[in-house]
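**Q**
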Amino acid sequence: SWKMFNKLPEYIISGCNNGISYISTDIGGFSGGIEDDELYRRYIQFGTFSVILRLCSDSSKYYKREPWNWDMHTLSIASYYLRLRNMLIPYIYTEAYNYSQTGIPIIKPIYYEYPEVYDEIEYRNEYYFGTGLFVSPITKPKDIVMNRTIHKMFLPNGIWYEFKTGIKYAGNKRYVSFYKDEDYPVFATQ
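The opening position of the sequence shown corresponds to residue 73 in the numbering used here, with each subsequent residue numbered one higher.
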């Protein structure tokens, strides 16, 4: 459900607080839940920028985890992000090596550097994904009328570029953006 999905980034991030950096979630949830194409797309996008990505679940008639079992729109988006994940493997391996040398986890909560953000629910789920990427997960459904997700985010200090579009953002600011199904708020630094 969306309610459960909204808790996942915080769950993953809190593992870092306990020294557990390799935490995995099942794309779409393991048991129970609902069959929702938008939720599935957001799970895939979140999984792309997680330490471990896996498509698995309990068996039931409502457990479509394979991208090809969904409509063409969802298949197209899932395919894009799964291919992107494959291209990120060298980056993830490099960050895993850095973690083994420095003890700094691949996923680092934003509140490590900005503790004041911890009390702001809109930004608590944000995290650094390695040394070069920053992720602000979308965990709520889109506005039906606008056909976009209205998403609030806080970007840390520095200059950030939206991963997919290259749009430049100044850091240490709060933003409100509107995301289509195929877009996801991931930013790269210089």
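Glycine residues also receive a C-beta, built at the ideal position from the N, C-alpha and C atoms.
1) Whole angstroms is fine: what's the gap from residue 138's alpha carbon to residue 120's?
2) Suppose the cutoff is 7 Å on Cβ atoms and the five residues either side in sequence are ignored; what does the same chain contact list for residue 165 look like?
3) With H, G and I counted as helix, E and B as strand and the rest as coil, what does DSSP make of residue 86?
4) At the level of alpha carbons, what is the spacing between residue 75 and residue 186?
5) Counting beta carbon pairs with one atom in the stretch 168 to 186 and one in the stretch 194 to 205, are three or more of them shorter than 8 Å?
6) Which residue or residues does DSSP assign as beta-bridge partners of residue 160?
7) Select from 222, 195, 232 and 123 the residue whose C-alpha is nearest the C-alpha of residue 179.
8) Taking the C-alpha atoms as reference points, what is the distance between residue 84 and residue 253?
9) If you draw a straight line from the C-alpha of residue 125 to the C-alpha of residue 99, how long is it?
10) By DSSP, does residue 220 sit in helix, in strand, or in coil?
11) In its own chain, which residues sit with a C-beta less than 6 Å from the C-beta of residue 211, not counting the 5 before and 5 after it?
12) Quick check: the Cα distance between residue 228 and residue 182, rounded to an integer number of angstroms?
13) Taking just the CA atoms, how far does residue 163 sit from residue 94?
14) Assign residue 115 to buried or exposed, taking buried as 16 or more other Cβ atoms, counted over all protein chains shown, within 10 Å of its Cβ.
15) Please look up how many angstroms separate the CB atoms of residue 224 and residue 188, rounded, as I've assumed it's under 8 Å.
16) Please report the straight-line C-alpha distance between residue 145 and residue 249, rounded to a whole angstrom.
17) Under 8 Å, do residue 197 and residue 209 count as touching if we go by C-beta distance?
18) Hey, residue 258 and residue 235 are a contact pair by Cβ (cut 8 Å); roughly how many whole angstroms apart?
19) Ordered along the chain, which non-local residues of its own chain (more than five positions away) have a Cβ less than 7 Å from that of residue 220?
**A** Per the coordinate set shown:
1) 15 Å
2) none
3) helix
4) 25 Å
5) yes
6) For residue 160, which the question treats as bridged, DSSP gives no partner whatsoever.
7) 123
8) 23 Å
9) 8 Å
10) strand
11) 77 and 78
12) 8 Å
13) 16 Å
14) buried
15) Contact flag wrong, Cβ pair sits at about 15 Å.
16) 22 Å
17) yes
18) 4 Å
19) 214, 250, 251 and 252
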